[in-house]
Structure formats: structure tokens, C-alpha cells
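For what it's worth, this note's numbering labels the leading residue of the sequence shown as 84, then goes sequentially.
Positions of the beta carbon are idealized from the N, C-alpha and C atoms, including for glycine.
In what follows, a single structure is set out as C-alpha cells and then discussed.
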Amino acid sequence: EWARTNAGRFVNMFATVMAACVISAPGNELRGYCLQDPSKALPFMEFFKPEKFIRSTSVGALIMSVSLGVGTLATPQVEKLWRQVRELLHKNPAGYLVVAAAVALAVLTLRGQKEEASKAKKS
Numbered sequence: 084e085w086a087r088t089n090a091g092r093f094v095n096m097f098a099t100v101m102a103a104c105v106i107s108a109p110g111n112e113l114r115g116y117c118l119q120d121p122s123k124a125l126p127f128m129e130f131f132k133p134e135k136f137i138r139s140t141s142v143g144a145l146i147m148s149v150s151l152g153v154g155t156l157a158t159p160q161v162e163k164l165w166r167q168v169r170e171l172l173h174k175n176p177a178g179y180l181v182v183a184a185a186v187a188l189a190v191l192t193l194r195g196q197k198e199e200a201s202k203a204k205k206s
């Protein structure tokens, strides 16, 4: 039952991703060693630096674990919001016009900003 709570989902995702990253790290290191440019290839003991390996594995695993853990928390909230928006649009079809106008405004604004940026670069 705890696994269905926000904390449980976060911990499960965090632990799973952390384990997957740590378990796959030696294979990634070996792949990097095997895919070296033959003309610049280093011997294994020069290529493999334990402190660099541990640091990069730890940082990468932590970033990915936190990212996917937060995504696990955000997904149900976004699904709930999207369900409410769909209900609102279903009850009031004129809302589609508002959404279309907002999208068109965003696209036109971005195009204008890009044009201004390219003009500024040319100047």
C-alpha cells in the first residue's frame, strides 16, 4: 500500500533507476574503452580512472534518479489537470477557439522573437 503513495512511488523509482545506472556503469566504461579511436587508444589501466568512474557514475545516477522520481510525482498531477481541461473543453466547445488563439499567439510571438534575434545578429 505504501508503494501507491507519492513517497512510495518516488522511492521506488529513485531506487530502481539508481540501481540500473550503477549496475550498467561498468559495461558503459568497457564500451567506451572498446570504442576508442585506434590511433589514440589508451591501455586499459590508463583509460580506466576509478575516481573519475565513481564520480561520473554517482553524479549521473543521482541526476537521472531525481529527474525520474520527480517525473513520477508530477505525472498523476498533470494527468488530473489534463482530464479537467478535456472535460471543460467537452462541455464548452468554444474553449477550443481560446486554445487555438493562445497557440497562434505563442507561435507568432516566437517567430517575431526569432526575427528580431536574427536582425540583431546581422547588425
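The region 125 to 141 touching the region 159 to 168, judged by at least three CB pairs closer than 8 angstroms: Cβ pair count under 8 angstroms is below three, so no.
Own chain, CB closer than 7 angstroms to Phe127, minus 5 neighbours either side, in chain order: Tyr116
Under the three-state DSSP convention, the category Thr158 falls into: helix
Proximal residues to Ala108 (C-beta, below 6 angstroms), its chain only, five neighbours per side dropped: Thr140
Supposed contact pair Gly178 and Leu171 - C-beta distance, whole angstroms, cut 8 angstroms: 6 angstroms
Euclidean distance between Cα positions of Leu118 and Glu129: 15 angstroms
Contained alpha helix (DSSP H) runs [length at least 4] in the region 115 to 154, N- to C-terminal order: 127 to 130
Residue range of the alpha helix (DSSP H) that includes Arg194: 178 to 205
Assigned exposure category for Ser148 - 16 Cβ within 10 Å defines buried: Label assigned to Ser148: buried.
6 angstroms CB neighbourhood of Arg92 in its chain, flanking five on each side removed: For Arg92, where only same-chain residues beyond five positions count, the Cβ hits under 6 angstroms are Thr155.
Distance, Ile146 Cα to Ala102 Cα: 13 angstroms
Alpha-carbon spacing of Leu151 relative to Asn95, whole angstroms: Cα atoms of Leu151 and Asn95: separation of roughly 10 angstroms, rounded to the nearest angstrom.
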